[in-house]
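**Student:** Those letters in the sequence shown? Residues 0 to 249, by numbering that gives the first Met the number 0.
C-beta: ideal position from N, C-alpha, C; glycine also.
None of the values given here were measured: they were computed from a predicted structure.
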Amino acid sequence: MRDKYKSLRRSVQREETFCESGSGQVRPRNHCPKCSHHCARFDSHGLAQGNARRETGGTVLAAFLSLFVLVPLSWAFLSALKSTQDLASNPLGLPQAWLWDNFIIAWERGRFGTYFVNSVIVAVPTVLLVLALSTLAAYGFSQFKFRANSILLSIFLLGLTIPLSILVIPLFYDLLAFKLINTYWALIFPQVAKTLPFGIVLLKSFMDDFPEEILDAARMDGCSRFRILISIIVPLYTALNVRIKARWIA
0 MRDKYKSLRR
10 SVQREETFCE
20 SGSGQVRPRN
30 HCPKCSHHCA
40 RFDSHGLAQG
50 NARRETGGTV
60 LAAFLSLFVL
70 VPLSWAFLSA
80 LKSTQDLASN
90 PLGLPQAWLW
100 DNFIIAWERG
110 RFGTYFVNSV
120 IVAVPTVLLV
130 LALSTLAAYG
140 FSQFKFRANS
150 ILLSIFLLGL
160 TIPLSILVIP
170 LFYDLLAFKL
180 INTYWALIFP
190 QVAKTLPFGI
200 VLLKSFMDDF
210 PEEILDAARM
220 DGCSRFRILI
230 SIIVPLYTAL
240 NVRIKARWIA
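#1: Whose C-beta lies closer than 7 Å to the C-beta of Ile227 among residues of the same chain, with five residues either side of it excluded?
#2: Do the segment 186 to 203 and the segment 134 to 151 touch if we need at least three Cβ pairs shorter than 8 Å?
#3: May I ask you to report which of helix, strand or coil DSSP gives Gln95?
#4: Would you decide whether Met206 is buried or exposed? Buried here means 16 or more other CB atoms lie within 10 Å of its CB.
#5: Check whether the segment 181 to 191 and the segment 113 to 121 are in contact - that is, three or more C-beta pairs closer than 8 Å.
#6: Considering Pro169, what are the terminal residues of the alpha helix (DSSP H) in which it resides?
#7: State the CB to CB distance for the pair Ile199 and Phe145, rounded to an integer number of angstroms; the pair is presumed to be in contact (CB under 8 Å).
#8: Evaluate Phe140 with the Cβ neighbour count: other Cβ atoms within 10 Å of its Cβ, from every protein chain shown; 16 or more gives buried, anything less gives exposed.
#9: Quick check on Ser82: does DSSP put it in helix, strand or coil?
#10: Would Val338 and Val70 qualify as a contact pair, given that the criterion is a beta-carbon distance under 8 Å?
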């Protein structure tokens with residue numbers, strides 16, 4: 000009885016498992032000498048160890064690379080809380096006095112409130128105009144076939160290759176002629192013209208791949224072309240709208 004108990008205890012400690020070969024013999028977890036196949040439990044254990052090593056290495060590498068971002072940001076944040084004398088005498092150390100009022104002073108002297116309001120006033124109309132105009136133009140190029148379709152689309156594609164910097168001088172005279180200097184429209188209209196070709200090309204590629212069966216079903220239900228655009232196509236390209244906004248911000 001005692002010998003049977005010892006043998007059972009040894010088998011539990013070895014964590015024996017059945018082999019996949021179908022021989023029916025019990026082999027230790029890390030050893031299968033009479034079988035041409037590897038034990039399933041042994042293979043899964045080895046894969047788990049390999050995955051754990053790769054995850055650990057990736058975590059260490061990500062933590063090391065994050066230092067290149069966190070250290071400069073931390074230094075800039077701590078420097079913003081120092082006085083001028085403290086920054087000159089101790090540029091890399093902690094602030095001797097934590098001056099949180101520096102942010103308020105910088106906000107007021109830098110007029111960041113005014114700049115923020117101006118950015119909102121310019122950004123909102125620009126994004127709305129680009130989305131509205133690019134949606135209508137892309138829908139026309141995709142769903143309506145006419146002779147000048149490819150020619151006009153090529154002109155818009157050509158607009159992607161023209162940098163705005165080379166148009167600054169003629170653009171200034173155009174804005175001066177329309178009396179738009181020192182107005183918000185002098186910023187909105189050039190930004191719309193710059194981003195519009197990208198939005199048209201991107202949305203047209205999406206509408207070209209739109210399932211025709213859905214559009215046919217909508218026509219059979221009595222939807223007009225404008226209703227199809229507003230109720231079916233527009234709600235489905237929300238992700239593309241995000242790309243157009245990101246393109247304008249960039």
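**Tutor:** Looking at the atomic coordinates:
#1: Leu214, Ala217
#2: Cβ pair count under 8 Å is three or more, so yes.
#3: coil
#4: buried
#5: Contact between the segment 181 to 191 and the segment 113 to 121 is present, because at least three Cβ pairs lie under 8 Å.
#6: 167 to 176
#7: Not quite, the Cβ-Cβ distance comes to about 16 Å (not below 8 Å), so this is no contact.
#8: buried
#9: coil
#10: With the chain running from 0 to 249 in the structure shown, residue 338 is simply not present.
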